[in-house]
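Engineer:
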Amino acid sequence: MVVDEQQVWRALEEIPDPEIPVVSLVDLGVIRSVDVREGHVRIEFTPTFLGCPALEVMKSALEARVAELGAEPEVEVVTDDSWSTDRITPAGREKLREAGFAPPAPREASAPKLVQLRSNVFRCPYCGSTETRLENIFGPTPCRSLRYCESCRQPFEQFKTI
Amino acid sequence: MSPTDALLGIADDELVLGWRESEWTGIAPLLEEDVAFSSIAQNEIGHARALYQLLSEDADALAFDRPPGEYRCAPLVELRLLDWAHTIARRWLYETADEIRLGALKDDPDPEVAGLAAKIDREEAYHRMHAEMWHERLRDEPRFREAVEELWPYAVGLLPEQLRAELAARTGLDLPGDTVLRGKERGSHTDELAELWGEMTMVRRSAPAGAQW
Numbered sequence: 001m002v003v004d005e006q007q008v009w010r011a012l013e014e015i016p017d018p019e020i021p022v023v024s025l026v027d028l029g030v031i032r033s034v035d036v037r038e039g040h041v042r043i044e045f046t047p048t049f050l051g052c053p054a055l056e057v058m059k060s061a062l063e064a065r066v067a068e069l070g071a072e073p074e075v076e077v078v079t080d081d082s083w084s085t086d087r088i089t090p091a092g093r094e095k096l097r098e099a100g101f102a103p104p105a106p107r108e109a110s111a112p113k114l115v116q117l118r119s120n121v122f123r124c125p126y127c128g129s130t131e132t133r134l135e136n137i138f139g140p141t142p143c144r145s146l147r148y149c150e151s152c153r154q155p156f157e158q159f160k161t162i
Numbered sequence: 163m164s165p166t167d168a169l170l171g172i173a174d175d176e177l178v179l180g181w182r183e184s185e186w187t188g189i190a191p192l193l194e195e196d197v198a199f200s201s202i203a204q205n206e207i208g209h210a211r212a213l214y215q216l217l218s219e220d221a222d223a224l225a226f227d228r229p230p231g232e233y234r235c236a237p238l239v240e241l242r243l244l245d246w247a248h249t250i251a252r253r254w255l256y257e258t259a260d261e262i263r264l265g266a267l268k269d270d271p272d273p274e275v276a277g278l279a280a281k282i283d284r285e286e287a288y289h290r291m292h293a294e295m296w297h298e299r300l301r302d303e304p305r306f307r308e309a310v311e312e313l314w315p316y317a318v319g320l321l322p323e324q325l326r327a328e329l330a331a332r333t334g335l336d337l338p339g340d341t342v343l344r345g346k347e348r349g350s351h352t353d354e355l356a357e358l359w360g361e362m363t364m365v366r367r368s369a370p371a372g373a374q375w
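As given, the protein sequences belong to chains A and B, one line each in that order. Position one of the first sequence corresponds to residue 1 (the working numbering), numbered consecutively onward. Position one of the second sequence corresponds to residue 163 (the working numbering), numbered consecutively onward.
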């Protein structure tokens, strides 16, 4: 069976993120490129956080999905600065918000500072209020912070911008 | 020091410090800090892994198969710190120093090294914010000031000489003399490393064929 690039992308769209299964790996923007050549599929995969324990799971899920298409997978992990939370697709951001995760703020030229985390506007994914405060820079996974909404009194998880 | 040695030093710092920070999981003074230290530890070990992967085909072998004397980590990260003031003092000093060396590494002529440094720096920004928050809170406490004073020479010993003036400028502390630095600079090891190494490599040594779970 001969696979084409579009088929591979469609197949990868079905792989859920291991920790936040409402979004797919394609929604997350971690697939940088797909290159199909004579039954050989080469995928460039850009990790989110380097310490994320789901990285190995994501990599093997990519390999398994390509193999299911009858092609030979090759997943190259690219650990440069090319993945950013800006790479999460608009559809992915919407799915995150619906599941109660506030999508990340856009990346700026320099890394974020504490003062921004305290003073910038972060919107509650439940009621839309901007009356929210930082509870903890860290959360259940490296990619999330904890905030609290003063309006609907609901704690929520805020995606970190990287 | 060769560029490879320098990278190995940073990787070993991150691995060993990650291990030390994880010792607070479950017993930190606040639940939020259990979460924060677990996340920080996880990130630091992830950075170590990415750096080891740049240096070797077998990151685990590089991380766990060397005898303690061959590790390139600085004494600062080896110390087993059992009180919160010292733990936060080390966090603040380490992150301040780490930002300086990552800044230099982002300009590395090797694009793979520069790219990885840029990625690590984006993640470390959150460690720096956490350290800054605690520094704001504790800086006037005598116990914290004493801890900073005690660990300061170790923090200086983390960086190569050409980056130390910048660290002094950012922390507002004076660079110590050679006598004070003795035994606290990279190249020396504390007695605590061997004990940590024993624990850290235990699983690997008990299953030489490779552990699977």
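Don't be surprised by glycine CBs; every beta carbon is placed ideally from N, CA and C.
Evaluate the contact criterion for the region 62 to 72 of chain A versus the region 99 to 111 of chain A: three or more CB pairs, one atom per stretch, below 8 angstroms.
Structural biologist: The region 62 to 72 of chain A vs the region 99 to 111 of chain A: no contact.
Engineer: For a contact defined as C-beta to C-beta under 7 angstroms, what are the partners of A:D81 on chain B?
Structural biologist: Correct list: G277, A280, K281 and R284.
Engineer: Quick one: what's B:R348 bridged to in DSSP?
Structural biologist: DSSP output for B:R348 lists B:S350 as bridge partner(s).
Engineer: Please give the ranges of any alpha helix (DSSP H) in the region 41 to 89 of chain A, keeping only runs that are unbroken, at least 4 residues long and fully inside the region.
Structural biologist: Listed in chain order, they are 55 to 68.
Engineer: Could you give the residue range of the alpha helix (DSSP H) that holds B:T258?
Structural biologist: B:T258 -> alpha helix (DSSP H) spans W246 to L267.
Engineer: Which residues, in chain order, does the region 50 to 66 of chain A contribute to contact with chain B at a C-beta distance below 9 angstroms?
Structural biologist: Cβ contacts with chain B come from L50, G51, C52, P53 and L55.
Engineer: Determine the contact status of A:R144 and A:E157, defining contact as a CB-CB distance below 8 angstroms.
Structural biologist: Their beta carbons are under 8 angstroms apart, which means A:R144 touches A:E157 by this criterion.
Engineer: Pick from A:L117, A:C124, A:V121 and A:R133: whose alpha carbon is nearest that of B:R290?
Structural biologist: Residue A:L117 is the option with its Cα nearest to B:R290.
Engineer: Going by C-alpha to C-alpha distance, which of A:V8, A:L12 and A:T161 sits closest to A:R87?
Structural biologist: Checked all of A:V8, A:L12 and A:T161; the closest Cα to A:R87 is A:T161.
Engineer: For B:A190, I'd like the list of residues in its chain whose CB is within less than 6 angstroms of its CB, leaving aside the five on either flank, ordered along the chain.
Structural biologist: Closer than 6 angstroms at Cβ, skipping near neighbours: D196 and F199.
Engineer: Just mark A:V115 as buried or exposed, buried being the case when its beta carbon has 16 or more other beta carbons within 10 Å.
Structural biologist: Exposed, since its Cβ has fewer than 16 Cβ neighbours within 10 Å.
Engineer: Would you tell me roughly how many angstroms separate the C-alpha atoms of A:M163 and A:D27, rounded to the nearest one?
Structural biologist: No answer is possible for residue 163 of chain A: the residues shown for chain A start at 1 and end at 162.
Engineer: Who are the Cβ neighbours of A:G100 in its own chain at under 8 angstroms, not counting the five residues just before and after it?
Structural biologist: These residues qualify, in order along the chain: P125, Y126, F156 and E157.
Engineer: Output the distance between the C-alpha atoms of B:W181 and A:R37, rounded to the nearest integer angstrom.
Structural biologist: One C-alpha to the other measures close to 43 angstroms.
Engineer: For B:E286, does the count of other Cβ atoms within 10 angstroms reach 16, so buried, or fall short, so exposed?
Structural biologist: Classification for B:E286: buried.
Engineer: Between the region 74 to 84 of chain A and the region 229 to 242 of chain B, do three or more beta carbon pairs fall short of 8 angstroms?
Structural biologist: The answer is no - the region 229 to 242 of chain B does not touch the region 74 to 84 of chain A, with fewer than three Cβ pairs under 8 angstroms.
Engineer: Can at least three beta-carbon pairs, one atom from the region 248 to 265 of chain B and one from the region 221 to 235 of chain B, be found at a separation below 8 angstroms?
Structural biologist: No, the region 248 to 265 of chain B is not in contact with the region 221 to 235 of chain B.
Engineer: B:A330 by DSSP, collapsed to three states: which one?
Structural biologist: In the structure shown, B:A330 sits in a helix (DSSP, three-state: H, G or I).
Engineer: Do the region 331 to 341 of chain B and the region 263 to 277 of chain B make contact, defined as three or more Cβ pairs closer than 8 angstroms?
Structural biologist: Verdict: no, contact absent.
Engineer: In terms of alpha-carbon separation, which member of A:G139, A:V66 and A:F49 lies closest to B:K281?
Structural biologist: When each option's Cα is compared against that of B:K281, the closest is A:F49.
Engineer: Kindly give me the distance between the Cβ atoms of A:R65 and A:I15, rounded to whole angstroms, as I take these residues to be in contact under 8 angstroms.
Structural biologist: Confirmed, about 6 angstroms.
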